Amino acid sequence: MSSTSTRDALAVDGQPTLATELPDIIAIKQLKVRMVVGVDNWERVQAQPVTIDASVHTDVSKAGSSDHLPYSIHYGVLVKQLEAHCAQNRYRSLEALAEGLAKVCIFNCHAPRVTLNVEKPRSLLHAKSAGVQIVRTAQDYVDPQGVTASVDTQPSELASLRLSPSSSWATHDKVIVRDLVINTILGVNPWEREDRQDVRLNLVIYSGLERLRQASRKTSGVADVVNRPHNYRTIVRSISDYVEASSYKTVESLATSIARVAIMQNRVERIKVRVDKPSAIMYADSAGVEVDRSRSFFEEEANEHVREPETKASSVHTPSSQLPTPVSRAASDSKVMEDDHLSNLTDGKAWHVAAIALGSNLGDRASNIEKAVQALEASDGCKVVDTSFLYETAPMYMTEQPSFLNAACRIATTLSPSELLDLTQSIEIKLGRDKTGVPEKGPRLVDLDILLYDQIELDESPRLVIPHPGIKEREFVLEPLSDILPEYEHPTHSRTIAQLLTMLQKSPDYVPSGIRRVLALPSPVLGTASSSSTRLQTSSLWAWGSKTFIMGIINATPDSFSDGGDNASVENALSTATAMVRDGADLLDIGGMSTAPNADEVSPQEEIDRVVPVISKIRSAGIMVPISIDTFRAEVAKAALEAGANMINDVTGGERDPEIFKVAKTWNVPYVLMHMRGDSKTMGSLTEYESGDVVSGVRKELEERVGKALRSGLRRWNMILDPGLGFAKDPKGNVDLIRDLSRLNATTNTRSNRVATIRSPGQGQQQQTSGLVSMRSSLSSIRDRFKADRSSESKGIEPDQGGSSPDEIEVHVSDLELASRPVSTLDSFPVLLGPSRKRFLATITGRKEPKERVYATAAASAAAIAGGVDILRVHDVREMVDVARMSDAIYRTSQSSS
Numbered sequence: 002m003s004s005t006s007t008r009d010a011l012a013v014d015g016q017p018t019l020a021t022e023l024p025d026i027i028a029i030k031q032l033k034v035r036m037v038v039g040v041d042n043w044e045r046v047q048a049q050p051v052t053i054d055a056s057v058h059t060d061v062s063k064a065g066s067s068d069h070l071p072y073s074i075h076y077g078v079l080v081k082q083l084e085a086h087c088a089q090n091r092y093r094s095l096e097a098l099a100e101g102l103a104k105v106c107i108f109n110c111h112a113p114r115v116t117l118n119v120e121k122p123r124s125l126l127h128a129k130s131a132g133v134q135i136v137r138t139a140q141d142y143v144d145p146q147g148v149t150a151s152v153d154t155q156p157s158e159l160a161s162l163r164l165s166p167s168s169s170w171a172t173h174d175k176v177i178v179r180d181l182v183i184n185t186i187l188g189v190n191p192w193e194r195e196d197r198q199d200v201r202l203n204l205v206i207y208s209g210l211e212r213l214r215q216a217s218r219k220t221s222g223v224a225d226v227v228n229r230p231h232n233y234r235t236i237v238r239s240i241s242d243y244v245e246a247s248s249y250k251t252v253e254s255l256a257t258s259i260a261r262v263a264i265m266q267n268r269v270e271r272i273k274v275r276v277d278k279p280s281a282i283m284y285a286d287s288a289g290v291e292v293d294r295s296r297s298f299f300e301e302e303a304n305e306h307v308r309e310p311e312t313k314a315s316s317v318h319t320p321s322s323q324l325p326t327p328v329s330r331a332a333s334d335s336k337v338m339e340d341d342h343l344s345n346l347t348d349g350k351a352w353h354v355a356a357i358a359l360g361s362n363l364g365d366r367a368s369n370i371e372k373a374v375q376a377l378e379a380s381d382g383c384k385v386v387d388t389s390f391l392y393e394t395a396p397m398y399m400t401e402q403p404s405f406l407n408a409a410c411r412i413a414t415t416l417s418p419s420e421l422l423d424l425t426q427s428i429e430i431k432l433g434r435d436k437t438g439v440p441e442k443g444p445r446l447v448d449l450d451i452l453l454y455d456q457i458e459l460d461e462s463p464r465l466v467i468p469h470p471g472i473k474e475r476e477f478v479l480e481p482l483s484d485i486l487p488e489y490e491h492p493t494h495s496r497t498i499a500q501l502l503t504m505l506q507k508s509p510d511y512v513p514s515g516i517r518r519v520l521a522l523p524s525p526v527l528g529t530a531s532s533s534s535t536r537l538q539t540s541s542l543w544a545w546g547s548k549t550f551i552m553g554i555i556n557a558t559p560d561s562f563s564d565g566g567d568n569a570s571v572e573n574a575l576s577t578a579t580a581m582v583r584d585g586a587d588l589l590d591i592g593g594m595s596t597a598p599n600a601d602e603v604s605p606q607e608e609i610d611r612v613v614p615v616i617s618k619i620r621s622a623g624i625m626v627p628i629s630i631d632t633f634r635a636e637v638a639k640a641a642l643e644a645g646a647n648m649i650n651d652v653t654g655g656e657r658d659p660e661i662f663k664v665a666k667t668w669n670v671p672y673v674l675m676h677m678r679g680d681s682k683t684m685g686s687l688t689e690y691e692s693g694d695v696v697s698g699v700r701k702e703l704e705e706r707v708g709k710a711l712r713s714g715l716r717r718w719n720m721i722l723d724p725g726l727g728f729a730k731d732p733k734g735n736v737d738l739i740r741d742l743s744r745l746n747a748t749t750n751t752r753s754n755r756v757a758t759i760r761s762p763g764q765g766q767q768q769q770t771s772g773l774v775s776m777r778s779s780l781s782s783i784r785d786r787f788k789a790d791r792s793s794e795s796k797g798i799e800p801d802q803g804g805s806s807p808d809e810i811e812v813h814v815s816d817l818e819l820a821s822r823p824v825s826t827l828d829s830f831p832v833l834l835g836p837s838r839k840r841f842l843a844t845i846t847g848r849k850e851p852k853e854r855v856y857a858t859a860a861a862s863a864a865a866i867a868g869g870v871d872i873l874r875v876h877d878v879r880e881m882v883d884v885a886r887m888s889d890a891i892y893r894t895s896q897s898s899s
């Protein structure tokens, strides 16, 4: 079906027929005007072409019999009125423009009914056009008092008329995307399974119900906002990402899945999808399939498969556990983990999502930011959900001042925007900020700015503007914001935060700002009587990516696999520590219990008795490099921190003793979260990973544990990941991890933690789309669906019980559920690796004596540095420092260029 025939069909599709009342049409086809409507295909606010199709439904029989023009509507006058309106106005949305034109036709030109197609031919890079279609009569508008508009309404009064919430014609409003071309794998022929081909999509999105909801919130005038669930840019992006990654055999399956993506990811209620293959038939323009789907169709489809007994599952039907399962919004609340600091988000209050920027360039900058987050946590009606990495940046506006530390946090709050502003300003004052005599962009002890609040746009300048007007131009804001809300779509710019960051960094006039992610290392605190304030003192900053940091291993044990007994005495451990620091170690890792395969565990007290004297002796000797305590026990970690340690290295990632998260948070120390399965006795039998892909398996399991750590209140900026070489990995798995280490924390396209699996019944193929699914379109309905999502957890579905996890089952994820879940992707996390003297090196080299594996360790370390490792945990410090320096010179741009 051509674009022209599609337009004609759309003009009457699904609408009541009043042929006997208004049998005739006066038509204006493809009227071209130039005006500002939103942004163009390059996101610029400037004049662009707009095409208008106007069909006036009327009765021309009297003019036809008399041949007298006054008995009809003069199309020349109609065109002039439409052109004048476009020349005198500018809009943010096509929906508002269409409403304005409809009022011109009805009240200025006295059209009984009008059908309008308003489209922007240059609105999308890969589509012919995008636009809206509406049908209106005078009865579809009301004045500010809610009275139905009169046909005699004067032109001066048109601006105050608003769409009636009870309009019957508005329920048929549509958003249209024409000839969207996407390149993908599609077809059953062998060559079609190899070579990508263009497919052409035409989309009709039924948007009327949402438009009426908008109208019900207006008291006068047109709602000139982009219709969030039907924002064609958002929908096209999600569909394009999905189709480009797909490899369907049939057009029918592809068309149905596209409809599913639009409905389940973007909250569209109904969509018509036409998919054409231009290359399908030699002597035809194309061959294709058109489907019309609604939300109820997919809900019923999923519910049918949920009802099917598992014993009836066959190759034709996908198991119910693999289907997207819609859940009732009225589903009962489920039990939340008692130690979850976000558990009371279900208490019935009106919770909202907000993002707060944090900055400091005076005093102890990292401590100032941490204190600000703690103050937010301690405030009524405010829950800190997620924190970003920490960034050091040069000052942007007033350059003659100290460098800044910047971060961001995501909160759930019951406060209004104005109340939240009052809170942030009171925190600044409480922490010592004094604006007296300080320029607006000048130095500050601490700064808290509200960046985003749900999807609202608020202008109460100069006091408060939301979204913050500086977001788009500030790399030091976009970087941390991308850590915590990568797929949040900016209400004004219609781009996700991650996309805005990419656009900024790839703009022609972009000048690198020198921004760098950093780790704030706390000063060691000695004694049990230390206050919370002394625990927040910073000793130094590490810039991730600037070099490979070397962690020296000191095992105060008699049975460690490599150096057991070498450092069992305090004197020997001190001697080793002194030598390691002299040889270039950046930090020391002290352990009191072997975690080697089949090693016996000791009591917590014995572990404490081994490590505390060593740490105390090292500190009393004046050695002040960071010390990490290698333990998975909270009480051991606490005792070590009191003795002078200032980092925790947990081989279980919090699985054995979740209380260790609380210790790390209370002491504000960096926390190394390692991947492991089982314990020292069982991990050797747990080396199998799905499809043999150890990197993907480790990444998936680490993401779950990172999510738990963040939900416990740990700061993202304090976390370091360790994939756990030798822990539940066989020799091949260890080598695969080193070879593909860069995949572990590689930045995904969406920098998000949600992977929604889209599957349709009757086919085994699955496609994945990454993204904070519901966050793409809106955060405005976060309260409505939180309980529904929690109900899935009450059914006892756990990822580690086999089958599909809730993340796979539920595609339609609620906004508040996402708001209460931190972004647990591993993107950009710093990575620690411990290849030193490991047994798999002996398997490959034949060196059975651990101390003879120095060269093998060096090779593994060099490969790890090439893969982007940040910290190497090693026994042979002097040799590995040389390896790191040479490898850094080769693989790290900043190092080699210097």
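Residues 2 to 899 (the numbering used here) are what the sequence shown spells out, left to right. Positions of the beta carbon are idealized from the N, C-alpha and C atoms, including for glycine. Note that the structure is predicted; figures quoted are calculated from it, not measured.
Cα-Cα separation between Pro216 and Lys273, rounded to whole angstroms: According to the sequence shown, residue 216 is Ala rather than Pro. Rounded to whole angstroms, Ala216 to Lys273 spans 24 Å at the Cα level.
Local conformation of Ala256 per DSSP, three classes: helix
Which of helix, strand or coil DSSP assigns to Lys730: coil
Cα-Cα separation between Leu520 and Trp170, rounded to whole angstroms: It is roughly 58 Å from the alpha-carbon of Leu520 to the alpha-carbon of Trp170.
CB of Pro836 within 7 Å of CB of Ala861, strictly: yes
Nearest-angstrom Cα separation, counted from Ser576 out to Ser617: For Ser617 and Ser576, the distance between alpha carbons rounds to 14 Å.
Coarse secondary structure for Asn267, derived from DSSP in three states: Helix at Asn267.
Endpoints, the alpha helix (DSSP H) within which Thr667 is located: 660–668
Supposed contact pair Asp277 and Val200 - C-beta distance, whole angstroms, cut 8 Å: 7 Å
7 Å Cβ cutoff met for Arg700 and Leu745: Yes, the pair counts as a contact, with Cβ atoms nearer than the cut-off.
C-beta contact flag for Phe299 and Ile259 at 7 Å: no
Limits of the beta strand (DSSP E) - the one that Thr52 falls within: Its beta strand (DSSP E) spans residues 49–59.
Three-state secondary structure assigned by DSSP to Cys110: coil
Where the alpha helix (DSSP H) containing Ile619 begins and where it ends: 605–621
Proximity winner among Ala99, Asp41, Ile27, relative to Gly65 (alpha-carbon distances): Among Ala99, Asp41, Ile27, the Cα nearest to that of Gly65 is on Ile27.
Distance between Ala857 and Leu287 (C-alpha atoms, nearest Å): Note on identity: in this sequence residue 287 is Ser, with Leu being the wrong assignment. Per the coordinates, the alpha-carbon of Ser287 lies some 59 Å from the alpha-carbon of Ala857.
Residues of its chain near Arg657, where Cβ-Cβ distance is below 6 Å and the 5 sequence neighbours each way are ignored: Phe633
Cβ distance (whole Å) where Ile661 is taken to contact Ala638 below 8 Å: 6 Å
Any chain D beta carbon closer than 7 Å to Pro836: Given the protein chain composition of this structure (a single chain), no chain D is represented.
Which of helix, strand or coil DSSP assigns to Lys63: helix
Local conformation of Leu432 per DSSP, three classes: coil
Beta-bridge partners of Ile939, as assigned by DSSP: The structure shown has nothing for residue 939, since the chain only spans 2 to 899.
Lys442 to Val478 span [Cα, whole Å]: Approximately 15 Å, taken between the alpha carbons.
Nearest-angstrom Cα separation, counted from Gly708 out to Leu674: 11 Å
C-alpha distance - Lys355 paired with Glu100, whole-angstrom precision: The amino acid occupying residue 355 in the given sequence is Ala; Lys does not appear at that position. For Ala355 and Glu100, the distance between alpha carbons rounds to 32 Å.
Rounded straight-line distance, which links the Cα of Arg716 to that of Leu391: When rounded, the separation of the alpha-carbon atoms in Leu391 and Arg716 is 10 Å.
Asp455 versus Pro513: straight-line alpha-carbon distance, rounded: Between Asp455 and Pro513, the C-alpha separation is close to 31 Å.
Counted within 10 angstroms of its Cβ, other Cβ atoms place Asn719 as buried (16 or more) or exposed: buried
Same chain only: Cβ atoms within 6 Å of Ala358, ignoring 5 sequence neighbours per side: Ala409, Asp450, Leu452, Val478
Local Cβ density within 10 Å of Tyr489, reported as buried at 16 or more and exposed below that: Buried is the call here.
Buried or exposed (CB count within 10 angstroms, at least 16 for buried), Thr667: exposed
Segment limits, beta strand (DSSP E) that includes Val292: Per DSSP, Val292 belongs to the beta strand (DSSP E) from 288–295.
Validate contact between the segment 645–653 and the segment 597–611 using beta carbons, cut 8 Å, 3 pairs: Not touching, per the Cβ criterion.
Exposure label - Arg854; buried when at least 16 CB within 10 Å: buried
Own chain residues within Cβ distance below 7 Å of Glu301, not counting five before or after: none
Glu393 vs Leu377 beta-carbon contact at 7 Å: no
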